[in-house]
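Report on the following structure.
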Amino acid sequence: MSLSNPEKSSAAKPVTLITGASGGIGSALARALAGTHELILGGRGGAALNALCAEVGGHPLVLDLTRPETFAGVLAGLGRVSNVVHNAGVVELGAVAEQDYAVWTHTLAVNTVAPAELTRLLLPTVRQERGTFVFVNSGAGLSANAGWGSYAASKFALKALADALRGEEEANGVRVTSLYPGRTATEMQRKVRSQEGAEYTPEAFIDPQTLAATIAFVLNAPRDATLTDLTVRPGPQ
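The numbering used here applies: residue 15 is where the sequence shown begins, and numbers increase by one.
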């Protein structure tokens, strides 16, 4: 997959790749950036991703985040990439005593290993663009509660990846931000609340559009500033 005539269509705009683009935060971000960024929208494919691409003028990128060995082939010929927003993620709640290696392997693969490999492969072009990596982390990446072991471990590791990358790439002009949202009104949160045996009340959580606006600010911030770590919590009710 490559952008159509990227030299002509993208010369004045940054090219931003978003993973998990058809999810709540990802689709909100795509809509927030439409018109000002060329968009490469990553996902598992299907009607939702195609519809979003048609709506915002984005270019679909079908990725299986459990198979990082396929990424190089998928990204071949991609062209310019200025920014990468690592937004895709999975969660499966459960006590350490109850979750077997398959849950841990899957969670770490999608939430940590896939972002690491995508970063490695996309880093040369992001360096050329002096662009930005945004890692959509979680409050669980700062504090691990009971029942959240596998997910929190993957997000702690994602923080380590971002911190190391920031130190390594500062001299190359690459900016790296970790975003730590609290509970957000998405389908993932609906699943979490179901696993917790609790009611899903979206009005009590952060609106995905709020996080999209936050990420857009990070991407568009003047070059004299790097926003390294941002924690966003639901406002008072």
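Heads up, the beta-carbon is just placed ideally off N, CA and C, and yes, glycines get one too.
- prompt: Run through DSSP, which three-state label would Pro129 get?
  reply: As a position in the sequence shown, residue 129 is number 115, starting the count at 1. Under the three-state reduction of DSSP output, Pro129 falls in the helix class.
- prompt: Hey, which unbroken runs of the alpha helix (DSSP H) at 4 residues or more fall wholly within the region 93–127?
  reply: Taking only runs of at least 4 residues, the alpha helix (DSSP H) segments lying wholly in the region 93–127 are 115–122.
query: Taking just the CA atoms, how far does Phe149 sit from Thr126?
result: Indexing the sequence shown from 1 puts residue 126 at position 112. Indexing the sequence shown from 1 puts residue 149 at position 135. Cα-Cα distance, rounded: 10 Å.
message: Going by DSSP in three states, Val76 sits in which element: helix, strand or coil?
response: As a working note, residue 76 is residue 62 in the sequence shown. The answer is strand: DSSP assigns Val76 an E or B state.
message: Less than 6 Å between C-beta atoms, sequence neighbours within five positions excluded: which residues of the same chain meet that for Val110?
response: Locating residue 110 in the sequence shown gives position 96, where the first residue counts as 1. Annotation for Val110: Gly163 place their beta carbon closer than 6 Å to its own, counting only its chain and skipping 5 residues before and after.
Local Cβ density within 10 Å of Pro236, reported as buried at 16 or more and exposed below that: Here residue 236 refers to the residue found at position 222 when the sequence shown is read from its first residue. It is exposed - the Cβ of Pro236 has fewer than 16 other Cβ atoms within 10 Å.
message: Applying the 10 Å Cβ sphere with the 16-neighbour rule, what's the burial state of Glu21?
response: Translated into positions along the sequence shown, residue 21 becomes position 7. Confidence in Glu21 is poor, its pLDDT being 45 and thus under 50, which makes the residue's placement unreliable; the coordinate value appears in the next sentence. Glu21 is exposed by the Cβ-count criterion.
task: Report the three-state DSSP secondary structure of Tyr194 (helix, strand or coil).
output: Within the sequence shown, numbered from 1, the residue matching residue 194 stands at position 180. Of the three classes helix, strand and coil, the one that applies to Tyr194 here is strand, per DSSP.
query: What's the gap between the Cα of Asn64 and the Cα of Ile54?
result: Position 50 of the sequence shown holds residue 64. Position 40 of the sequence shown holds residue 54. Taking the straight line from one Cα to the other gives about 12 Å.
field: Runs of alpha helix (DSSP H) wholly within the region 155–240 (minimum 4 residues, chain order)
entry: Segments of the alpha helix (DSSP H) lying fully in the region 155–240: 163–183, 201–209, 222–234.
- request: Classify Gly59 as helix, strand or coil using the three-state DSSP reduction.
  value: Residue mapping note: residue 59 aligns to position 45 of the sequence shown, counting from 1. Gly59 falls in the coil class under three-state DSSP.
task: Identify, in the order they occur along the chain, each residue of the same chain with its Cβ nearer than 6 Å to the Cβ of Thr191, setting aside the five sequence neighbours on each side.
output: Taking the sequence shown and counting its residues from 1, the one referred to as residue 191 is at position 177. So the list reads Val148, Val232, Leu241, once near-sequence residues are dropped.
- prompt: Out of Arg189, Val95, Gly38, which has the shortest C-alpha to C-alpha gap to Leu31?
  reply: As a working note, residue 31 is residue 17 in the sequence shown. In terms of Cα proximity to Leu31, the closest of Arg189, Val95, Gly38 is Val95.
field: Option nearest Leu122 by Cα separation, candidates Val206, Ala61, Gly155, Val99
entry: On the sequence shown, residue 122 is found 108 positions in, with the first residue counted as 1. Closest option to Leu122, Cα to Cα, is Gly155.
query: When you compare only the Cα positions, how much space is there between Thr146 and Ala167?
result: Residue mapping note: residue 146 aligns to position 132 of the sequence shown, counting from 1. Residue mapping note: residue 167 aligns to position 153 of the sequence shown, counting from 1. Rounded to the nearest angstrom, the gap between the Cα atoms of Thr146 and Ala167 is 24 Å.
field: Close Cβ partners of Leu79 (< 8 Å) along its chain, the five nearest in sequence each way excluded
entry: The residue labelled residue 79 in the question sits at position 65 within the sequence shown. So the list reads Thr33, Ala102, Ala123, Val124, Ala128, once near-sequence residues are dropped.
message: Cutting at 7 Å between CB atoms, please list the residues of its own chain near Gly196, excluding the five before and the five after it.
response: As a working mapping, residue 196 is identified with position 182 in the sequence shown. Only residues of its own chain outside the window of five on either side were considered, and among them Gly153, Ile220, Val246, Arg247, Pro248 have a CB closer than 7 Å to the CB of Gly196, listed in chain order.
Which listed residue (Pro28, Leu75, Leu193, Pro222) has its alpha carbon closest to that of Asn97: Counting from 1 along the sequence shown, the entry for residue 97 is found at position 83. Asn97 has its Cα closest to that of Pro28, out of Pro28, Leu75, Leu193, Pro222.
- prompt: Does any residue of chain C bring its CB to less than 8 Å from the CB of Tyr115?
  reply: Of the chains in the structure shown, none is chain C; there is only one protein chain.
task: For Ser16, name the three-state secondary structure that DSSP assigns.
output: Position 2 of the sequence shown holds residue 16. Residue confidence for Ser16 is low, a pLDDT of 49 falling below 50, so the modelled location carries little weight; the figure read from the coordinates is stated next. The answer is coil: DSSP assigns Ser16 none of H, G, I, E or B.
- prompt: Rounded to whole angstroms, how far is the Cβ of Val76 from the Cβ of Gly57, which I believe are closer than 8 Å?
  reply: Here residue 76 refers to the residue found at position 62 of the sequence shown. Here residue 57 refers to the residue found at position 43 of the sequence shown. Here Val76 really is in contact with Gly57; their C-beta atoms are around 7 Å apart, less than 8 Å.
- prompt: Taking the alpha-carbon positions, what's the Val252 to Glu106 distance?
  reply: In this structure the chain extends from 15 to 251, so residue 252 is not present and cannot be described.
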